[in-house]
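Written out below as structure tokens is the structure these notes cover.
In the numbering used here, the protein residues as written are 1 to 890.
This is the structure we're talking about:
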């Protein structure tokens, strides 16, 4: 990139103090000032000469070197060979030292206090009542042999959707900085081009950013600037000079080419009147913890003093500066203290919330990995009652409890296949045919879907815990009603009630498991959920024939009601509320130019929620997480027993219903629910027919051993599902690292290849063996029965994890759509299975099932290729949240 250099001469300004002409507007309407402000207006940047006297500037540079040597890692300012990551504190490739409380070192505060520095900002803003940033210090070493490459990263530090002059950035230069000495490079005049630039390139794909307040210029953007007269200038300065620039100005820093280290301290000011009380609370918290705030003086973003070295927390720990500074009268926190009135709260949701980002700017491509580092997504808060902060053991208990409930409910609904023959004589006497008896299997499947349509909106409105406990209780009641039934009609109605309860196992339970785990754990934890559920679902039906032979079908139901009751009691005491409101930023985790920061900034909202910004400090799997017991109450046994933890949000429940209608027409979700609906429908068709096939000639199995045909589901649970779960997590991290650390939801679809192939073959084999039993061993039936179960479970697991990754803030609607609508689709697939087989034969019917499995599964290739584009397309119809809390529905 061709650049020129510029050196601006201005009279020494150490005595700058005069405030004249009010606040600069930078909109073309400012008067001529006759000083460096005219340069700022014209060029978007200015160099203020001798803002700090040379002697003091040299002293500050000496202290910067001394700070590095104080870590005792082997760095020596006089030995260039010691410029090595192992001999330095953690400094990023741009030269920024952000952790260790460095931004609060006494000499950094002395630089901020220099009259020539403060006075420059007073001139721009027309006031002495200013907030100062807790910004970083920068080391640009001449010897970069052992340092990572500092690649160009042209950008502006301002949200394109918030035009106009909002922030004046600044840095104090401490070493001679000529054309070859590295440092700031700016695109002259680009601040005046900013509005037109973003209008012309509004459809240009954006470089992934850690905040809306950072915009990276693509190659097309750089070409646009060149076409419109943008000239890149390497800014030169002497020790003690202050460089300021409009945050709309395109800029970045370049590495040193000469022999002089670049030394600089970034500092910015803004009027106190530009900050809200939430900003001041956040600012006070950042100061008390000696944290950085980037260049935003209102602490829009706060950081961490824990550095990460080679993917692990640095062994050098400094939670406060080496030499702390006692603030003078010019810099004090007294006014902020006077404005803080927040009391300790129950949880983060008790803080007043502001509108959050809608999915229009969120395409589910998130920063999951960076080298060997894996980021925590969603970003956990510091609230002890945040479900993400539960212990691993407690999360495991929640997962297993949900899985147990799911297994008990599903077994009661689908495990009846082995007993259908027991009801034929009884219900035939009532005039019921085999089609009617098969409805005992198909109608509960439909009502499971309806249960999702009712339960999920209710869970989003009042909380997961009350709906989950209610479903557990309903499962107990439904099982008892089935046990005491006196005829076909009462039996069918009781099983419909049981289906309503069991339906929550499909959407609500996975949602609860998701809410207590991070993205990189999700497939593995859902795998354990499915593993335990499948194990119980396999072992219990396996014994169904023996149980029914010993205690009767009613006894089988009563035994199920006992298991459901035990699960209910355990859930009361061990499963807390998992609902927790988070801003969309918690789900993004994108690469940070200044690491360990996130934002909840929203288009059209000038300020973010202070509490969230402080709590959502970006975390990795290797960093320690500290909980805030000052602003939040601790998690206790009593707090976990509460049935309702938040005020009911009926609008959220209604939005789930409208969101379901919207999500249904998303092409990728339509594909996912079709695949899930088909596979569960075929699985029900298999479960409805296998008993009769095995009991008839030539196999002649006894009714007491028919259920042993399901033994293979144990193999599925213990071998195949861990492969899909751990394999999926490995796949997404592998491809995320190959994609620059960015995770795409479509990576979840890769493991689907195996279940689709297995399911297709299983359906065809089953049809052939059932139609021609004289040609096939009974093992063909048993193998196909269990193999298709693997295909169904695999499609279910992959579909749900893909949906949750693709639309994390629409978890409610997508789960309901997949689980509820697949119940409807499966009802259509399996309802007429008896006449379908009579018409087409087993080979024709299940051959069609196999072809549909292959065809719909293959359609996933198109979703994999164009998934991101699909989400971009459907995001145009997403509804921005205008309420006071983040939503799961848009």
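By construction, the Cβ of each residue, glycine as well, lies at the ideal position given by its N, Cα and C atoms.
Is the closest heavy atom of the ligand MN to the C-beta of residue 796 under 7 Å? What this structure holds is no ligand at all, so the ligand MN is not there to describe.
Are the Cβ atoms of residue 526 and residue 510 separated by less than 8 Å? yes
Would you list the one or two residues that DSSP bridges to residue 169? 245
For residue 173 and residue 243, which I take to be in contact (beta-carbon distance under 8 Å), what is that distance rounded to the nearest angstrom? 6 Å
Thinking just about the alpha-carbon of each residue, which of 452, 520, 155 is nearest to the one in residue 731? 520
Residue 891 - DSSP class collapsed to helix/strand/coil: The chain is shown from 1 up to 890; residue 891 falls before or after that span and cannot be answered.
Residue 816: which of 507, 376, 465 sits nearest, CA to CA? 507
Residue span of the alpha helix (DSSP H) that contains residue 483, given as start and end: 464–483
Identity of the residues DSSP links to residue 891 by a beta bridge: The requested residue 891 does not occur in the structure, where the chain is confined to residues 1 to 890.
When the Cα of residue 463 is compared with those of 635, 577, 452, 567, which residue comes out closest? 577
For the structure I just gave you, are there three or more beta carbon pairs, one from the stretch 399–414 and one from the stretch 546–564, closer than 8 Å? yes
DSSP three-state call for residue 906: helix, strand or coil? In the structure displayed, the chain extends from 1 to 890; residue 906 sits before or after that span and is not available.
Whose CA, out of 144, 481, 798, 712, lies closest to the CA of residue 751? 798
I believe residue 569 touches residue 556 by the beta-carbon criterion, under 8 Å. Please report the beta-carbon distance rounded to the nearest angstrom. That belief does not hold up - the Cβ atoms of residue 569 and residue 556 are roughly 21 Å apart, past 8 Å.
Once you ignore the five residues that flank residue 430 on each side, which residues in its own chain have a CB closer than 6 Å to its CB? 488
On a CA-only basis, which of 860, 685, 317, 867 is nearest residue 835? Give me that one, please. 685
So who's on the other strand from residue 177, going by DSSP bridges? 237
7 Å CB neighbourhood of residue 408 in its chain, flanking five on each side removed: 475, 560, 563, 564, 567
Which value, in whole angstroms, describes the spacing of the CA atoms of residue 96 and residue 169? 16 Å
Which one or two residues does DSSP pair with residue 893 in a beta bridge? There is simply no residue 893 to check, as the chain begins at 1 and stops at 890 in what is shown.
Report yes if the C-beta distance between residue 134 and residue 273 is below 8 Å; otherwise report no. no
Is it buried or exposed for residue 444, if we count other Cβ within 10 angstroms and need 16 for buried? buried
Any contact between the stretch 293–303 and the stretch 257–274? By contact I mean 3 or more CB pairs, one from each, below 8 Å. yes
Residue 84 to residue 41, Cα distance in whole Å? 41 Å
Taking residue 113 as the reference, which of 72, 490, 57 has the closest Cα? 57
CB residue 132 to CB residue 52, shorter than 8 Å? no
By DSSP's criteria, residue 47 is part of a beta bridge. Which residues make up the other side? 243
Cα separation between residue 558 and residue 376? 44 Å
Would the stretch 304–311 count as touching the stretch 219–229 if we require 3 or more Cβ pairs under 8 Å? no
4 or more residues per run - each alpha helix (DSSP H) lying fully within the stretch 104–157: 106–113, 115–125
Measure the beta-carbon distance from residue 906 to residue 648 and round it to whole angstroms, keeping in mind my assumption that it falls under 8 Å. Because the chain is modelled from 1 through 890, residue 906 falls outside the range shown and cannot be assessed.
8 Å contact criterion, which residue 790 and residue 716 should meet: CB distance rounded: 5 Å
If distances are taken between C-alpha atoms only, which option among 106, 103, 141 comes closest to residue 76? 141
Report the partner residues of residue 97 according to the DSSP bridge assignment. 137
Bridge partner(s) assigned by DSSP for residue 394: Answer by DSSP bridge pairing: none, since residue 394 is not bridged.
Compare the Cα-Cα distances from residue 771 to each of 801, 698, 395 and report the closest residue. 698
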